[in-house]
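A short worksheet on the structure shown next.
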Amino acid sequence: MNLNATWAKAWIRSSAQVMSQHRVELINLDRDIGDGDHGENMDRGFQAVLLKLDDLPPEASPADVFKLVATTLISTVGGAAGPLYGTAFLKGAAAVAGSAELDGTALVAFLTAARDGVVLRGKAESGDKTMVDAWTPAVDAAEAALAGGAHDRAILSAAAVAAEAGALATEPWIARKGRASYLGERAIGHRDPGAQSSALLLRAAADTAATA
Amino acid sequence: MNLNATWAKAWIRSSAQVMSQHRVELINLDRDIGDGDHGENMDRGFQAVLLKLDDLPPEASPADVFKLVATTLISTVGGAAGPLYGTAFLKGAAAVAGSAELDGTALVAFLTAARDGVVLRGKAESGDKTMVDAWTPAVDAAEAALAGGAHDRAILSAAAVAAEAGALATEPWIARKGRASYLGERAIGHRDPGAQSSALLLRAAADTAATA
Amino acid sequence: MKKLVNDPKNVVIEAVAGFGAAHADIVRVSTDPVYIARSDAPISGKVGLVSGGGSGHEPLHGGFVGFGMLDAAVPGAVFTSPTPDPILAATKAVDGGAGVLHIVKNYTGDVLNFETAADLALAEGIEVRSVIVNDDVAVKDSLYTAGRRGVAGTVLVEKIAGAAAERGDSLEAVTAVAERVISQVRSMGVALTPCVVPHAGEGSFTLGEDEIEIGIGIHGEPGRARIKLEPADAIVDRLLGPILEDIPFVRGDQVLLFVNGMGGTPQIELYIVFRRAAEVLAEQGITVVRTLVGNFTTSLEMQGASVTVLKLDAELTSLWDAPVQTAALRWGR
Amino acid sequence: MKKLVNDPKNVVIEAVAGFGAAHADIVRVSTDPVYIARSDAPISGKVGLVSGGGSGHEPLHGGFVGFGMLDAAVPGAVFTSPTPDPILAATKAVDGGAGVLHIVKNYTGDVLNFETAADLALAEGIEVRSVIVNDDVAVKDSLYTAGRRGVAGTVLVEKIAGAAAERGDSLEAVTAVAERVISQVRSMGVALTPCVVPHAGEGSFTLGEDEIEIGIGIHGEPGRARIKLEPADAIVDRLLGPILEDIPFVRGDQVLLFVNGMGGTPQIELYIVFRRAAEVLAEQGITVVRTLVGNFTTSLEMQGASVTVLKLDAELTSLWDAPVQTAALRWGR
Ligand SMILES: Nc1ncnc2c1ncn2[C@@H]1O[C@H](COP(=O)(O)OP(=O)(O)O)[C@@H](O)[C@H]1O
Ligand SMILES: Nc1ncnc2c1ncn2[C@@H]1O[C@H](COP(=O)(O)OP(=O)(O)O)[C@@H](O)[C@H]1O
Ligand SMILES: [Mg+2]
Ligand SMILES: [Mg+2]
Ligand SMILES: [Mg+2]
Ligand SMILES: [Mg+2]
């Protein structure tokens, strides 16, 4: 599938399904080192997005889809994840405004802007054990793939794999941002829930693109 | 042992020990059909009596011992059991005032007055599933034993056996007085805690008398 | 059992000491015998109000000592009525010459111990009246039981009788107002979890993972029925049904609706209960004109709630509205 | 999980509706978006005070809306900060032309969502200031954490800033008073049992039969250490130690001592905690001149308590004493 509005919508629909399927897993991760609501928050937010997707006009661009995702997540998720994911999609949308279809360069711009949005709002650095630790490896991998001449779907797939590895890599760390930072050493051995939901999101993006 | 003041004090000392040993049992019985404090109440009360027994002058009569028990139980037990046992000992003391030693007739008078005291305060009838159902069989058995020519210790032993049987007999009943009366049918199958503590008390009386 | 206590034997005495230290502007505390009195008691010419009972129902009764409500509260051991001595001492401490009203919840132990204390007070020349609160419709009131239990409705009796005493009513008149509240107030509760008495160290009863006890008493005494957990609205309907049947409330009646927490239930749930209870009353054409929501008559950490409905008239309403200044209930000053 | 709820998804909306119905004399409730405002808001010329955060901490914040305290409270989903929309709506609803102060507890989610709402309000011409409450000494405040959490001290900030706003202070002055309270208030808590979030249906964490969590957060976030259960006095000492170290209170200081219940702890235990805390302060030559004891910043049904100490001066004391009329805190009217 080309990375057009149809893909963008399919990605978001798939994400809604994935968040619902992984709701309990994300709640459990967040219960371990946070307050146990991340799965509930993401599920509530994406279900709300789902209800609004159909209202988009047929001529909506990928950026329009992402803007809708952004405002809906901001107004329904709450917590830390709401503003962070909201800003990610808002900045990502701005980066690809006007494109009917994302090529490799646009895709990397989208991912970079999204990650920068998270950093702008949350002020986390790599290694702080947050969703940034899924996004930054994804951006890096996407850039490398683009530089290596990879196609849009391959870039997305590289980003998804890197995000998954990034989420996994948070497990042995101490957290320095978010609720888990209160835990000190006790955060060790637990995966960051936001990094995990980010990996799920990017995996859904890649898988949707890979289908005909 | 003759039923003099030495016996009366030994009985009460032994009762304190028994209430302490059976504290949890009485709590559990009361938890089943009441509020779970009967063992605590009886233990607290008799421990308080124990502390005061030594203050009695050497010339104290059995009635003096019982009066001390009465006022101490009234002022330390609380709940339903406090006033009921308190009145029992108060009326029992009055019935044997002046006697240095209880013969069979005095013993029966003591038990009868004690039982009547409980009924006066609590207005329970036989079969209401209360401590009366230990005391009344005890009084009846004591009277019968006295009529049959039994000696004081034998009378007391008959009373104790009857009280134990009386307490046991409360198990299949519905309660009509006290907290257990709120339970209706659900009181069935549980022994009344106050009947049980009464049986323990009379058993202690008989056993103390039986020792040299 | 996990509790913030030191020696379980000292729970009441330490809590009362803490209460006295925290509310020294309102109460003074006697530790031997244990009672809590208004700091300005006795008030000459005012009827004194004394209540009490086993501890574990806080803020009942100590939290209601102060201007416009109780003159003294006598806490017994946890879930055990106090003995006559402290009741007598409290009665004497608050007698301002106009007599003293004992507000007693209907439990055999409370009734007997207050009775003895009243007799002793009388012997010392203090005029004492007693009212017995028995608002719990979960229990059948018949010749063959100890009668209905006194539960959360007690708070309303204490507030309204307290206001009557504060405005200078005679002992007779205060007693009559208290009796009127008692005749017009009904309650019923539900437990989701048991409570643990400190000296017992174990739950007062057991409930299955999905069971609740309808008609629970405030000492964890079983109630009408043990049923499977239901949605809050259905549970509220089960509590309100017997209440509304018992006093035949009629369309147009004005009532005070009181949702009481048993101690361990989040406030958010109490308001969910209130929402439904108000809805049901509205459907019946009964108007809720005064409200109270919170943990006022608790059973230690028990999870659950009770619903209390008091039929109001102009006088009871104005007595309810009168200023009150206690640790747990305060308005108007 | 046993709770008095209907659909877990509707817990907040139903509770807020019930709250509005129960306290219609004090608040009005908006259900879409969800916020609770003073019934007389906006008050022309008065600085508006808005707070909010995840639900499950009741009475915080809705119970503190009313005369002399908050103008509006914005409840999010349980333990989840509200989104910017209702914060913005509440801010607009209470703006009386003198600007609005946001009182925010220091959690990433709360800070970010209030920040967004403040930006949007500013864009609509409303002057908004924010203060961030971070009184929890259990958490190390360093560049390498999200900073200290805001816990029960928030109640004191809301009361005192609310009194300043009520007497007509400017936005700048109200903000300064709030900042002063924040700089002088410290808290630390302990959990004996976890709480259960309705949508999760399971405990937020697990504790062994004899374990307690020292330094617990109000969302069940772990604290400083998990230790074996100890007597109440020893636990209080563990809580007060870090508080007293943190602000170097000195002999002769006057303080407000606030013992807060986490929701599921019997009141009797809170007073046992108070007793010891007052004792320790007295030993240090610190005078407790104001007190607060009760469930004011809860974590659903969690058992446990927190201790908060606020250093007072004449102005803060008189603002604390000023009349307040909210569902959960009331005196002077
Ligand atoms: N400052 C931050 N920067 C980036 N990500 C953050 C930051 N703070 C928290 N997060 C992310 O948010 C996730 C938690 O989201 P969620 O549970 O929905 O919110 P909350 O912590 O408010 O309950 C964390 O796992 C982490 O990935
Ligand atoms: N009216 C009564 N007459 C006689 N005995 C009674 C009466 N009411 C209660 N009891 C006795 O008191 C016992 C309960 O005592 P206890 O548990 O100490 O007091 P409480 O019921 O106040 O908690 C019952 O088991 C019963 O034997
Ligand atoms: Mg979370
Ligand atoms: Mg009992
Ligand atoms: Mg009892
Ligand atoms: Mg959260």
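These protein sequence lines map, in sequence, to chains A, B, C and D.
For reference, each letter of the first sequence is one residue, going 1 to 212 in UniProt numbering.
For reference, each letter of the second sequence is one residue, going 1 to 212 in UniProt numbering.
For reference, each letter of the third sequence is one residue, going 1 to 333 in UniProt numbering.
For reference, each letter of the fourth sequence is one residue, going 1 to 333 in UniProt numbering.
By construction, the Cβ of each residue, glycine as well, lies at the ideal position given by its N, Cα and C atoms.
Distance, C/G54 Cα to C/D71 Cα:
On the third sequence, position 71 is the one that residue 71 of chain C refers to. On the third sequence, position 54 is the one that residue 54 of chain C refers to. Straight-line Cα distance between these residues: approximately 18 Å.
Any beta-carbon of chain B closer than 7 Å to the one on C/L60?
Translated into the one-based positions of the third sequence, residue 60 of chain C becomes position 60. Chain B contact via Cβ: absent.
7 Å CB neighbourhood of B/L156 in its chain, flanking five on each side removed:
Residue 156 of chain B sits at position 156 when you count from the first residue of the second sequence. Once the five neighbours on either side are set aside, the close Cβ partners of B/L156 are L107, A205, A206 and A209.
With a threshold of 7 Å between beta-carbons, can B/I27 be considered close to chain C, or not?
For the purposes of this step, residue 27 of chain B is taken as residue 27 along the second sequence, with counting starting at 1. For B/I27, the answer is yes, since a Cβ of chain C falls inside 7 Å of its Cβ.
Per-residue burial, C/G97 [other beta carbons within 10 Å of its own, 16 or more giving buried]:
As a first step, residue 97 of chain C must be located in the third sequence, where it is residue number 97. Classification for C/G97: exposed.
Could you name the residues of chain D that C/V272 contacts, counting a contact when the two beta carbons are closer than 8 Å?
For the purposes of this step, residue 272 of chain C is taken as residue 272 along the third sequence, with counting starting at 1. Val is not the amino acid found at residue 272 of chain C; the sequence shown has Ile there. Here the neighbours are L4, V5, N6, V11, E14, A15 and G18.
Interface flag, D/G264 vs chain C, CB-CB below 7 Å:
Residue 264 of chain D sits at position 264 when you count from the first residue of the fourth sequence. By this cut-off, D/G264 is an interface position.
Give the DSSP-derived three-state secondary structure of B/K9 in the structure shown.
Here residue 9 of chain B is taken as the residue at index 9 of the second sequence, counted from 1. If DSSP states are grouped into helix, strand and coil, B/K9 belongs with the helices.
CA-to-CA distance, A/G194 to C/E279, given in whole angstroms:
Within the third sequence, the letter at position 279 stands for residue 279 of chain C. Within the first sequence, the letter at position 194 stands for residue 194 of chain A. Approximately 41 Å, taken between the alpha carbons.
Do we get a CB-CB distance below 7 Å when we pair D/R226 with the residues of chain C?
For the purposes of this step, residue 226 of chain D is taken as residue 226 along the fourth sequence, with counting starting at 1. Not an interface residue.
The stretch 130–138 of chain C contacting the stretch 181–195 of chain C, beta-carbon criterion three pairs below 8 Å:
yes
Tell me whether the stretch 140–153 of chain A and the stretch 172–191 of chain A touch, counting them as touching only if at least three CB pairs, one residue from each stretch, are closer than 8 Å.
no
Tell me the rounded alpha-carbon separation between B/S198 and C/E245.
In the second sequence, the residue the question calls residue 198 of chain B occupies position 198. In the third sequence, the residue the question calls residue 245 of chain C occupies position 245. When rounded, the distance between both Cα atoms is 41 Å.
Return yes when the C-beta of B/D30 is under 6 Å from any heavy atom of ligand 7, and no when it is not.
No copy of ligand 7 occurs in the structure displayed; its ligands are ligand 1, ligand 2, ligand 3, ligand 4, ligand 5 and ligand 6 alone.
List, in chain order, every chain D residue whose beta-carbon is nearer than 7 Å to that of A/P83.
Taking the first residue of the first sequence as position 1, residue 83 of chain A is located at position 83. Under the 7 Å cutoff, chain D gives L112, N113 and T116.
Can you name the residues of chain D whose CB is closer than 8 Å to the CB of C/G162?
Here residue 162 of chain C corresponds to residue number 162 of the third sequence, with the count starting at 1. Near C/G162 there are no residues of chain D at all, since even the closest Cβ is about 17 Å away, more than 8 Å.
On the criterion of 16 or more Cβ atoms from any shown chain inside 10 Å, does C/N106 qualify as buried, or is it exposed?
If you number the third sequence from 1, residue 106 of chain C lands on position 106. Under this definition C/N106 is a buried residue.
Name, please, each residue of chain C whose Cβ falls closer than 9 Å to the Cβ of D/V197.
For the purposes of this step, residue 197 of chain D is identified with residue 197 of the fourth sequence, where counting begins at 1. The premise fails here: D/V197 is roughly 10 Å from chain C at the closest Cβ pair, so nothing lies under 9 Å.
Just how far apart, CA to CA, sit D/P86 and D/G18?
Here residue 86 of chain D is taken as the residue at index 86 of the fourth sequence, counted from 1. Here residue 18 of chain D is taken as the residue at index 18 of the fourth sequence, counted from 1. Cα to Cα, D/P86 sits roughly 19 Å from D/G18.
Between the stretch 126–142 of chain C and chain B, which residues of the former have a C-beta closer than 7 Å to a C-beta of the latter?
V139
CB contact flag (D/I218, D/H57, <7 Å)
Within the fourth sequence, numbered from 1, the residue matching residue 218 of chain D stands at position 218. Within the fourth sequence, numbered from 1, the residue matching residue 57 of chain D stands at position 57. Yes, Cβ-Cβ distance for D/I218 and D/H57 is below 7 Å.
Would you mind working out which of C/V289, C/G294 and C/F296 sits nearest D/D25, comparing C-alpha positions?
Within the fourth sequence, numbered from 1, the residue matching residue 25 of chain D stands at position 25. Cα-wise, what sits closest to D/D25 is C/V289.
DSSP on C/V65, reduced to helix/strand/coil?
Locating residue 65 of chain C in the third sequence gives position 65, where the first residue counts as 1. It is a strand residue.
List, in chain order, every chain A residue whose beta-carbon is nearer than 9 Å to that of D/R149.
Start at 1 with the first residue of the fourth sequence, and residue 149 of chain D comes out as number 149. The answer, in chain order, is R179 and Y182.
For chain D, find out if any of its Cβ atoms is closer than 7 Å to the Cβ of C/W331; answer yes or no.
As a first step, residue 331 of chain C is located in the third sequence; it is residue number 331 there, counting from the start. So yes, C/W331 belongs to the interface.
Near-chain A residues of the stretch 198–217 of chain D (beta-carbon distance less than 9 Å), N- to C-terminal order
H199, A200, E202, G203, S204, F205, G215 and G217
For chain C, check one thing: does any of its Cβ atoms lie closer than 7 Å to the Cβ of B/E40?
Here residue 40 of chain B refers to the residue found at position 40 when the second sequence is read from its first residue. Chain C contact via Cβ: present.
Under 6 Å, CB to any heavy atom of ligand 5. Which residues pass, going along the chain?
B/D35, B/D37, B/G79, C/G54, C/F79, C/T80 and C/G109
At the level of alpha carbons, what is the spacing between A/A16 and A/V132?
Numbered from its first residue, the first sequence carries residue 16 of chain A at position 16. Numbered from its first residue, the first sequence carries residue 132 of chain A at position 132. Approximately 21 Å between the Cα atoms of the pair.
As a quick exercise: from C/V236, C/E202 and C/S130, pick the residue whose alpha carbon is nearest that of C/I212.
Taking the first residue of the third sequence as position 1, residue 212 of chain C is located at position 212. Minimum Cα distance to C/I212 is reached at C/V236.
Residue range of the beta strand (DSSP E) that includes B/G82
Reading the second sequence from its first residue, position 82 is the one you call residue 82 of chain B. Careful: B/G82 lies outside any beta strand (DSSP E), inside the alpha helix (DSSP H) at A81 to A95.
Which residues of chain D have a Cβ atom closer than 9 Å to the Cβ of A/G34, listed in chain order?
Within the first sequence, residue 34 of chain A is the residue found at index 34, counting from 1. Here the neighbours are H219 and E221.
With distances taken from CA atoms, which of D/L192, D/L156, D/F274 and D/R226 is nearest D/L312?
As a working note, residue 312 of chain D is residue 312 in the fourth sequence. Cα-wise, what sits closest to D/L312 is D/L156.
For D/K311, report the span of its alpha helix (DSSP H) as first-last.
In the fourth sequence, the residue the question calls residue 311 of chain D occupies position 311. D/K311 -> not in any alpha helix (DSSP H); beta strand (DSSP E) instead, spanning G304 to K311.
Quick check: is the beta carbon of D/E166 nearer than 7 Å to any beta carbon in chain C?
Taking the first residue of the fourth sequence as position 1, residue 166 of chain D is located at position 166. No, because no Cβ of chain C sits closer than 7 Å to the Cβ of D/E166.
Just to make sure I have the definition right: I need the residues of chain A whose C-beta is within less than 7 Å of the C-beta of D/G99. Which are they?
Looking up residue 99 of chain D in the fourth sequence gives position 99. In chain order: nothing, as chain A lies at least about 23 Å away.
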